[in-house]
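S.K.: Protein chains in written order, with UniProt numbering: chain A, 1 to 315; chain B, 1 to 315. Each residue gets a CB set at the ideal place from its N, CA and C atoms; glycine is no exception. Fair warning: this is a prediction, and the values are worked out from it, not measured in the lab.
There are 2 protein chains.
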Amino acid sequence: MTVAGVGEFGLIDRVTARLTYGKSCLLGPGDDAAVVAAPDRRVVASTDVLVEGRHFRRDWSTARDVGHRAAAANLADIAAMGATPTALLVALCMPADLDTAWAEELADGLGAEAALVGASVVGGDMSASPTLTIAVTALGDLADRPPVVRSGARPGDVVALAGRTGWAAAGYTVLSRGFRTPRLLVEAFRRPEVPYPAGPEAAGLGATAMIDVSDGLLADLGHVAKASRVAVDLRRDAFEVPRQMRDAAQALGVDPYSWILTGGDDHALAATFPPAVALPERWRPIGRVTEGAGVTVDGVPYAGPVGWDHFRRAE
Amino acid sequence: MTVAGVGEFGLIDRVTARLTYGKSCLLGPGDDAAVVAAPDRRVVASTDVLVEGRHFRRDWSTARDVGHRAAAANLADIAAMGATPTALLVALCMPADLDTAWAEELADGLGAEAALVGASVVGGDMSASPTLTIAVTALGDLADRPPVVRSGARPGDVVALAGRTGWAAAGYTVLSRGFRTPRLLVEAFRRPEVPYPAGPEAAGLGATAMIDVSDGLLADLGHVAKASRVAVDLRRDAFEVPRQMRDAAQALGVDPYSWILTGGDDHALAATFPPAVALPERWRPIGRVTEGAGVTVDGVPYAGPVGWDHFRRAE
């Protein structure tokens, strides 16, 4: 059955019937708007859009995978402020001949990823469109802490990373060369593993700046350096190249550090901490904040492109 | 200059430089997420998406018009809960060859419409896409009142309308027949005039149910009737056909009541009130809630389609 066949309201009924609601959802789908708890008297809000052919391919990822990734991209932005996600709203634009099962499984993926952090899909909109497009807005709560912004890094701070980088980029390269294995890398591209609790944890530890690594580690730390008017220097030896990644890099003729340092889409969290902070195991030191500008690796500018531009990236 | 020419970050810089921020915006664009005031400890949230060729046409509306309408569609949903809008987030998908001026003027329209209610554009995302698409999320505050939902209408309640209906549909018909006048109707399609303050006002007066009229009056009151398990009967003589609309209807061979009763996109607010409530002038009584199901006009079911389905509507 196509989405045009069941119609807008029929599809909304089918999708909302599959959703479950977290405790922050005070009023879910079915009215003009949802109502979400904001105990902190502030709400953190972020929007990310995924466009078919640019951010995902239906022959590379299942609908459920795309749902997980669309949710993860947004939930990670909330975590990167030091907040806990509470809700997602989803605008879904679909070709009229799309199978309803695709939309339903997308909703399953969105809901399952949100449930990892106690959040839920509380509302949205649907429209026909020639281009399959998923725009997600995530909301979150700061629990009475100030948001951790990009502009607070200070010379002397430690740069630390929670989560992994390079895995999704490696999976993307594998898929784009026509392979389906190594499975571990391909799965990392399909469904990022985001260290959500590390966000509020970093805020509690006194992180001075934090960012979701979505454009690539060097590019995103570049945003932090620019906003904070500081320089960041990373230590290459802080990054171990996992065996599967090393083997794939060798087979594909790629420098694995290009994945680790410039690949996006794993949604790791990078943060800066005052040097006195005792970092828990989840936060791995990878470099230092210094006076100056820009990002270097072992004191040297990185040779090569450092991240994606979503208007220039090849289709 | 095209959006691909200035790139994602260049365009974000250009657009955010044009925005101004309301008092609810505690942290605006430029970080992983925005922070918005939610003094009520709850946030009202709604998402609406506009797709080129389906919800707007670039040869019918300027970018600024589209911005006004995209914002209005969302802000009206917030008002229809009895809330005051605080913020918008915007996901904008654009063909790479789109002129940056279009995106900048869109932002001007979004910002200007939001400013009518003291709200502002606090964040968003941009991507290239073959299909020009604007997904907007609006947030709002309930000021310690319960949300006015669709399910609270009771037999005996008065049905009342704030704002106008049929104007946007008339303008749409005029444009789709290849005309550019009457200007008043065409302008109503391009930029709806939404009675935003009527939403919180109705909540304060004790409205039992409320809805934003976006699908058409009969269709939307049908949603209220269904959710409330009641019937709604409208009085045709409660609707005066304005002269410009009557003249256009005659020239185009259309029943003007089909515009008034089934046309969407004016974003009027329809609400039900206990009969004892003294309605201010802005809220015009148009019918009654009774026992039963469905919506009738002068006791008789309406002959003809009552609203849009966004998957079936002709391109």
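Could you spell out the range, first to last residue, of the alpha helix (DSSP H) harbouring D220 (chain B)?
M.R.: Looking at the DSSP string, the run of the alpha helix (DSSP H) that includes D220 (chain B) is 217-228.
S.K.: Thinking C-alpha only, which one of B:G140, B:D13, B:E113, B:G299 is nearest G30 (chain B)?
M.R.: B:D13
S.K.: Distance, Cα to Cα, A71 (chain A) vs R180 (chain B)?
M.R.: 43 Å
S.K.: Is the CB of S129 (chain A) under 8 Å away from at least one CB in chain B?
M.R.: Yes - at least one Cβ of chain B is within 8 Å of the one on S129 (chain A).
S.K.: From this set, A:P95, A:L89, A:P192, A:P200, which residue's C-alpha is nearest S46 (chain B)'s C-alpha?
M.R.: A:L89
S.K.: For M245 (chain A), which three-state DSSP category applies?
M.R.: helix
S.K.: From which residue to which residue does the beta strand (DSSP E) around A160 (chain B) run?
M.R.: 158-162
S.K.: Is it the case that the segment 51-69 of chain B contacts the segment 18-25 of chain A, given that we only count it when at least three CB pairs across the two stretches are under 8 Å?
M.R.: no
S.K.: Let me check you understand the geometry: is the CB of D108 (chain B) closer than 7 Å to at least one non-hydrogen atom of the ligand GTP?
M.R.: By its list of ligands, the structure shown contains no ligand whatsoever, and the ligand GTP lies outside what it can speak to.
S.K.: Between L234 (chain A) and the rest of its own chain, which residues show a CB-CB distance below 6 Å, the 5 nearest in sequence each way excluded?
M.R.: For L234 (chain A), same chain residues with a beta-carbon under 6 Å away, outside a window of 5 residues either side, are I286, G287, V297 in chain order.
S.K.: Could you work out which residue in B:L142, B:T62, B:F56 is closest to T86 (chain B) when comparing CA atoms only?
M.R.: B:L142
S.K.: Counting only Cβ-Cβ distances shorter than 8 Å, please list the residues of the segment 199-220 of chain A near chain B, keeping chain order.
M.R.: M210, I211, D212
S.K.: To the nearest angstrom, how far is the alpha carbon of E187 (chain B) from that of A225 (chain B)?
M.R.: 31 Å
S.K.: Going by beta carbon distance, what residues of the same chain come within less than 8 Å of R154 (chain B), once the five residues before and after it are set aside?
M.R.: Within the same chain, R154 (chain B) has close Cβ partners T208, S228, V230, T272, P274, V289.
S.K.: Could you tell me whether the Cβ of S120 (chain B) comes closer than 8 Å to any Cβ of chain A?
M.R.: Interface criterion not met: the Cβ of S120 (chain B) is under 8 Å from no Cβ in chain A.
S.K.: Would you identify the three-state DSSP class for S24 (chain A), choosing helix, strand or coil?
M.R.: coil
S.K.: Short check: CB of T84 (chain A) to CB of V51 (chain A), under 8 Å?
M.R.: no
S.K.: For the segment 44-64 of chain B, which residues have a CB atom closer than 9 Å to at least one CB atom of chain A, in sequence order?
M.R.: Using a CB distance below 9 Å, the part of the segment 44-64 of chain B facing chain A consists of V44, A45, S46, T47, D48, V49, L50, V51, E52, G53, R54, H55, ordered along the chain.
S.K.: With DSSP as the reference, label L279 (chain B) as helix, strand or coil.
M.R.: Coil.
S.K.: For G152 (chain A), which residues in the same chain have their Cβ closer than 7 Å to its Cβ, ignoring the five residues on either side in sequence?
M.R.: T208, A209, S228
S.K.: Using a Cβ-Cβ distance under 8 Å, would M1 (chain B) count as near chain A?
M.R.: no
S.K.: Name the chain B residues whose beta carbon is nearer than 9 Å to that of D266 (chain A)?
M.R.: Those do not exist, as D266 (chain A) stays about 15 Å from chain B at its closest Cβ, beyond 9 Å.
S.K.: Using a C-beta cutoff of 8 Å, does residue 349 (chain A) count as contacting chain B?
M.R.: Past the edges of chain A, shown from 1 to 315, lies residue 349 (chain A), and the structure says nothing about it.
S.K.: Return helix, strand or coil for V186 (chain B), following the three-state DSSP convention.
M.R.: helix
S.K.: Here's the rule: buried if 16 or more other CB atoms are within 10 angstroms of the residue's CB, otherwise exposed. What is P280 (chain B)?
M.R.: By the neighbour-count rule (16 or more Cβ atoms within 10 Å), P280 (chain B) is not buried but exposed.
S.K.: Could you name the residues of chain B that residue 316 (chain A) contacts, counting a contact when the two beta carbons are closer than 7 Å?
M.R.: Only positions 1 to 315 of chain A appear in the structure, and residue 316 (chain A) is not among them; the question remains open.
S.K.: Against chain A, does G263 (chain B) count as a neighbour if the rule is that its beta carbon must be under 8 Å from one of theirs?
M.R.: no
S.K.: Determine, using beta carbons only, whether P147 (chain B) comes closer than 8 Å to chain A.
M.R.: yes
S.K.: Any contact between the segment 161-173 of chain B and the segment 192-205 of chain B? By contact I mean 3 or more CB pairs, one from each, below 8 Å.
M.R.: yes
S.K.: Return helix, strand or coil for D298 (chain B), following the three-state DSSP convention.
M.R.: coil
S.K.: For R42 (chain B) and S120 (chain A), what's the separation of their Cα atoms in angstroms?
M.R.: 15 Å
S.K.: Quick one: is D13 (chain B) near chain A, going by C-beta distance under 8 Å?
M.R.: no
S.K.: Relative to the C-alpha of D255 (chain B), which residue among B:E291, B:G299, B:P305, B:H267 is closest?
M.R.: It is B:P305.
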